[in-house]
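Number 1018 in this note's numbering belongs to position 174 of the sequence shown; there are no gaps in the numbering.
Beneath this line is the structure, given in structure tokens, with notes to follow.
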Amino acid sequence: MFKQTRYDSERLYLRILKPRYAQEVLDYYKRNHSFLNEWEPAHPRDFYTLSYHKRKLYNEYNMFKNDLQVRFWIIKKEDNKLIGNVCYSNIVMGNFKSCFLGYKLDKDEINKGYMTEAIERTVEIMFDNFGLHRIEANVVPRNDRSLRVMEKLGFEQEGFSKRYLEINGKWEDHIHFAFYNDRI
Ligand SMILES: CC(C)(COP(=O)(O)OP(=O)(O)OC[C@H]1O[C@@H](n2cnc3c(N)ncnc32)[C@H](O)[C@@H]1OP(=O)(O)O)[C@@H](O)C(=O)NCCC(=O)NCCS
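Written as structure tokens, this is what we have:
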């Protein structure tokens, strides 16, 4: 399996970050606190601290090394601003070769096609460099922007899962999507 920590697309750097980037990551979450709240699970009490994100980046780097999860941080080439991430989690290989996809951007950068570009490129990386066959994403039905991203990327709608994920303290129904690598 060939993998690296630095990738890019036309307008974006896509990076697996080490703990020394914890301050940039914390700043991203702080300035997007209210924007992301509606779509995120409730966070632990120390979430908005540097030590939390150092620990998290350290743990996630180990997961990356062990092929369990890959979180690509999105950085704009134009001004080096960190504007979000795309995360492929719960990677299971064997005869499954599947994982979950999650994604979030910066409130000041939405509707410029950045997330579509980031997912398009990282799906290709997960298929070609990590050997995945299937990527699953789940979206709350009222999340119109996210549904539009799924549509633009050609994710197939496969079902509807009731009370599927706990989002901001409430068990929310989700629309279930998947995208397949037909080359393997
Ligand atoms: C969902 C999210 C990642 C989208 O990122 P983005 O970079 O704005 O996505 P894109 O620009 O690639 O595409 C957004 C599309 O939604 C469309 N859109 C925006 N507001 C919309 C609305 N109210 N109704 C329908 N479509 C809408 C945009 O016009 C655009 O489509 P277009 O390219 O056809 O014009 C971003 O809004 C975000 O981080 N939201 C909060 C976290 C979140 O919801 N994560 C996903 C959880 S499943």
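Note that the Cβ used here is the ideal one computed from N, Cα and C, for glycine as well.
- If only uninterrupted beta strand (DSSP E) runs of at least 3 residues are considered, those enclosed by the stretch 911-974 are 914-920, 926-936 and 942-949.
- Judged by their CB atoms, R1007 and L858 are not nearer to each other than the 9 angstroms cut-off.
- If you ignore the 5 residues before and after G1003, its C-beta comes within less than 6 angstroms of the C-beta of H1020, all in its own chain and listed in chain order.
- Y905 and H897 have their C-alpha atoms some 12 angstroms from each other.
- The beta carbon of K941 sits closer than 7 angstroms to the beta carbons of G975, L976, H977 and R978 from its chain, once the five residues preceding and following it are set aside; these are given in chain order.
- With respect to the 9 angstroms criterion, N973 and K847 are classified as neighbours on the basis of their beta carbons.
- DSSP places N881 in the helix class (H, G or I) of the three-state scheme.
- Closest in alpha carbon position to N987, among K921, W917, Y865 and L880, is L880.
- K847: not part of any beta strand (DSSP E); DSSP gives it neither H nor E.
- If the five residues before and after W917 are omitted, its C-beta is found closer than 7 angstroms to the C-beta atoms of R859, L861, L926 and N929, all from its own chain and listed in chain order.
- The C-alpha of V869 lies about 11 angstroms from the C-alpha of I919.
- When secondary structure is reduced to three states using DSSP, L894 falls in the helix class.
- When distances are taken from the beta-carbon of K948 to the heavy atoms of ligand 1, the shortest one is below 8 angstroms.
- For T893, the CB contacts under 8 angstroms within the same chain, skipping 5 residues up- and downstream, are L870 in chain order.
- For the pair I1011 and W883, the Cα-to-Cα distance works out to about 6 angstroms.
- For L861, there is no enclosing beta strand (DSSP E), as DSSP gives it neither H nor E.
- Around V983, the same chain offers S990, L991, M994, H1018, I1019 and F1021 as residues with beta carbons nearer than 8 angstroms, after the five sequence neighbours per side are excluded.
- Proximity of the beta carbon of N987 to ligand 1 is indicated: a heavy atom of the ligand is located closer than 8 angstroms.
- The criterion of a C-beta distance shorter than 9 angstroms is satisfied by E980 and C943.
- Only residues of its own chain outside the window of five on either side were considered, and among them H1018 and H1020 have a CB closer than 6 angstroms to the CB of S1005, listed in chain order.
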